[in-house]
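> If you're matching positions, the sequence shown starts at 117 in the numbering used here and goes up one per residue.
Take this structure, written in structure tokens, and hold onto it; I'll ask about it next.
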Amino acid sequence: MAQSKALLKALIFLISICFSSAKSNYNPNTHNPSSLHNKSLSLSFSLSSLPLSPHSTLRASLIKSSSSQRPKTQISPNSYLNYDVRSSFKYSMALIVSLPIGTPPQTQNMVLDTGSQLSWIQCNKKPDPTSFDPALSSTFSILPCNHPICKPAIPDYTLPTSCDQNRHCHYSYFYADGTYAEGNLVKEKLTFSPSQSTPPLILGCAAKSAEAEGILGMNLGRFSFPSQAKLNKFSYCVPTRQRLAKTSPTGSFYLGQNPNSNTFAYVNILTFPKSQRMPNLDPSAYTLPMVGIRMGGRKLNISAAVFRPNLGGSGQTMIDSGTEYTYLVDEAYTKIREEVLRLVGPKMRKNYVYENTLEMCFNGGDSIMIGRLLGDMVFEFEKGAEVLIEKSRILDDVGSGVHCLGIGRSETLGIPSNIIGNFHQQNLWVEFDVSNRRVGFGRADCSRS
Ligand SMILES: *[C@@H]1O[C@H](CO)[C@@H](O)[C@H](O)[C@H]1NC(C)=O
Ligand SMILES: *[C@@H]1O[C@H](CO)[C@@H](O)[C@H](O)[C@H]1NC(C)=O
Numbered sequence: 117m118a119q120s121k122a123l124l125k126a127l128i129f130l131i132s133i134c135f136s137s138a139k140s141n142y143n144p145n146t147h148n149p150s151s152l153h154n155k156s157l158s159l160s161f162s163l164s165s166l167p168l169s170p171h172s173t174l175r176a177s178l179i180k181s182s183s184s185q186r187p188k189t190q191i192s193p194n195s196y197l198n199y200d201v202r203s204s205f206k207y208s209m210a211l212i213v214s215l216p217i218g219t220p221p222q223t224q225n226m227v228l229d230t231g232s233q234l235s236w237i238q239c240n241k242k243p244d245p246t247s248f249d250p251a252l253s254s255t256f257s258i259l260p261c262n263h264p265i266c267k268p269a270i271p272d273y274t275l276p277t278s279c280d281q282n283r284h285c286h287y288s289y290f291y292a293d294g295t296y297a298e299g300n301l302v303k304e305k306l307t308f309s310p311s312q313s314t315p316p317l318i319l320g321c322a323a324k325s326a327e328a329e330g331i332l333g334m335n336l337g338r339f340s341f342p343s344q345a346k347l348n349k350f351s352y353c354v355p356t357r358q359r360l361a362k363t364s365p366t367g368s369f370y371l372g373q374n375p376n377s378n379t380f381a382y383v384n385i386l387t388f389p390k391s392q393r394m395p396n397l398d399p400s401a402y403t404l405p406m407v408g409i410r411m412g413g414r415k416l417n418i419s420a421a422v423f424r425p426n427l428g429g430s431g432q433t434m435i436d437s438g439t440e441y442t443y444l445v446d447e448a449y450t451k452i453r454e455e456v457l458r459l460v461g462p463k464m465r466k467n468y469v470y471e472n473t474l475e476m477c478f479n480g481g482d483s484i485m486i487g488r489l490l491g492d493m494v495f496e497f498e499k500g501a502e503v504l505i506e507k508s509r510i511l512d513d514v515g516s517g518v519h520c521l522g523i524g525r526s527e528t529l530g531i532p533s534n535i536i537g538n539f540h541q542q543n544l545w546v547e548f549d550v551s552n553r554r555v556g557f558g559r560a561d562c563s564r565s
């Protein structure tokens, strides 16, 4: 049960690779009567930060990354099981938004994921009234089998589609652990108001799944929500997490203009020519020009090159709302660990590793003092843009009286990239200005914005 979202997400990713690799000429944007491509568009939604079931986020991002970055490995259900994917995060945090889908709209909860492409809704999970009911929407349609994207693509990334008895595009996918995901590829609109809706978008429609939420795929791939809806920009503000609170604090999500954007500092998204073959690069990710890390005002001795993709594409730094913690390649991770050891080494818990990932951990009672000794942490980007993690939030309460620095080693995920996770995007506006190929940051109190 708990794994199904991750598996769905993995499946979505598999499909999305197929999309990006397929030699089809299909263009989802050729008919475009009522897209969101309007400079004055500004739609605001609330966003919550909620724990998901075990395995979800970490596992999904693991599969995402390992499959895109190890193209020589056959992407089979077995390949990801070679990694240590059992390191579940009990409180894996996901960002959830509620969006109006169909005509008339049905509100669906979706996991906001800047690290994946195809969006996904839960369909017809009767008797669950929160799932989407296609029969109630006049704009819903299922892709027929002869649709250009409903066919196996290149051999390495076979899109597991088939034709069901109604000649609808259907896929079913078995995983090595025996779980199973299936559904249709469909087209459906998002309807924000009678005059504001998207064109019909290609979505996955899960017929069988244990989870309540769908996924809103927000990366740069051509089948992501922003690409299909021709959205210029979107932004979010992640509220500070409160694990023990009964109600989760509410943040914000904008489609289009954000009224606070005059305070944002922007960095350009790094893009790479398709002709440049970089097997370890995820070309649909939001790759940022990170240049360094400071701790307690001290610039760590990390070469800016370790945050940039090398010729093979290893080392890109992506910002991902769908991954909880931050993961760094060894050259960067080692320098952070050395600094933490230097400052608070004797207080660090010996031989303790949280869920196989976080190893810089302390007794909860020491956490305020540890924060003061470490100081604020800053991720530095080009053009002076910075993400500041205040000393009071540098450690995460992982339960059982233990607090850990929210940074792990990319190698434990089996990936060669740096990922900035949602733990390090709290109390911050993050704007994805897709049309200008840049990402903006602005400090905020997200529980109030
Ligand atoms: C853009 O959106 C605004 C408000 O949402 C609306 O008033 C305006 O007519 C739209 N412009 C176009 C060209 O659709
Ligand atoms: C910085 O790191 C490099 C490589 O790890 C090392 O050779 C160099 O001596 C370091 N510089 C300082 C000032 O510590």
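Yeah, the Cβ is synthetic: ideal placement off N, Cα and C, and Gly gets one too.
Quick check: is any heavy atom of ligand 2 less than 6 Å from the C-beta of ASN417?
Checking every heavy atom of ligand 2 against the Cβ of ASN417, one is found closer than 6 Å.
> Could you tell me whether the stretch 421 to 432 touches the stretch 455 to 464, using the rule of 3 or more Cβ pairs below 8 Å?
Not touching, per the Cβ criterion.
> For the putative contact between LEU474 and LEU544, defined by C-beta atoms under 8 Å, what is the C-beta separation to the nearest angstrom?
No, LEU474 and LEU544 are not in contact; Cβ-Cβ is about 21 Å, not under 8 Å.
> How long is the line joining the alpha carbons of ASN577 and GLN373, rounded to whole angstroms?
Residue coverage of the chain in this structure runs from 117 to 565, which leaves residue 577 outside it and unanswerable.
> Where do the ends of the alpha helix (DSSP H) carrying VAL456 lie?
That run of the alpha helix (DSSP H) goes 446 to 460.
> Which residues in the same chain have their Cβ closer than 6 Å to the Cβ of GLN542, if we skip the five residues on either side of it in sequence?
Around GLN542: VAL354, THR356.
> Return helix, strand or coil for THR403, following the three-state DSSP convention.
Reduced to three states, the DSSP call for THR403 is strand.
> Does DSSP put LYS390 in a helix, in a strand, or in coil?
It is coil, neither helix nor strand.
> So, using beta-carbon positions, are LYS305 and THR230 closer together than 7 Å?
Not in contact: LYS305 and THR230 (Cβ atoms no closer than 7 Å).
> Helix, strand or coil for ILE484, going by three-state DSSP, please let me know.
Helix, per DSSP.
> Taking only the alpha-carbon atoms, compute the straight-line gap between ASN378 and LYS155 and give it to the nearest angstrom.
Distance between the alpha carbons of ASN378 and LYS155: 15 Å.
> Classify ASN534 as helix, strand or coil using the three-state DSSP reduction.
The answer is strand: DSSP assigns ASN534 an E or B state.
> Would you mind stating whether LEU416 and LYS451 have Cβ atoms separated by less than 7 Å?
Contact flag set, yes.
> Which residue's Cα is closest to the Cα of PRO316: SER340, LEU336, GLU329?
Nearest of SER340, LEU336, GLU329 to PRO316, Cα basis: SER340.
> Mind reading off the beta-carbon distance from ILE237 to ILE258? Whole number of angstroms is fine, and I expect it under 8 Å.
The pair is not a contact, with the Cβ atoms about 13 Å apart (cut-off 8 Å).
> Under 7 Å Cβ to Cβ from ASN396, same chain only, skipping five residues before and after it: list those, please.
Excluding residues within five positions, the ones whose Cβ falls inside 7 Å are GLN185, GLY428, GLY429, SER430, PRO532.
> With a floor of 3 residues, list each beta strand (DSSP E) that falls wholly inside the stretch 293 to 317, ordered by position along the chain.
Here the runs fully enclosed are 296 to 304, 307 to 309.
> Report yes if the CB atom of PHE495 is closer than 7 Å to the CB atom of ALA381, and no otherwise.
For PHE495 and ALA381, no; Cβs fall outside 7 Å.
> Helix, strand or coil for HIS153, going by three-state DSSP, please let me know.
It is coil, neither helix nor strand.
> Within 10 angstroms of its Cβ, does SER551 collect 16 or more other Cβ (buried), or is it exposed?
Exposed, by the Cβ-count rule.
> Please classify HIS147: is it buried, with 16 or more other beta-carbons within 10 angstroms of its beta-carbon, or exposed?
Only weak support is given to the placement of HIS147: the predicted model assigns it a pLDDT of 43, under 50, and the value that follows is read from those uncertain coordinates. With fewer than 16 Cβ atoms within 10 Å of its Cβ, HIS147 is classed as exposed.
> Measure the beta-carbon distance from ASN67 to ALA401 and round it to whole angstroms, keeping in mind my assumption that it falls under 8 Å.
This structure cannot settle anything about residue 67, because the visible part of the chain is limited to 117 through 565.
> Using three-state DSSP, classify ARG509 as helix, strand or coil.
Residue state, collapsed to three classes: helix.
> DSSP beta-bridge partners for THR366?
THR366 is bridged to SER164.
> What would DSSP say about ALA323, mapped onto helix, strand or coil?
Here ALA323 sits in strand by DSSP.
> Is the distance from the Cβ of CYS261 to the Cβ of PHE248 below 7 Å?
Against a cut-off of 7 Å, the Cβ pair of PHE248 and CYS261 comes out as no contact.
> Helix, strand or coil: which one does DSSP assign to LEU397?
Coil, per DSSP.
> Report the partner residues of PRO375 according to the DSSP bridge assignment.
According to DSSP, PRO375 bridges with nothing at all.
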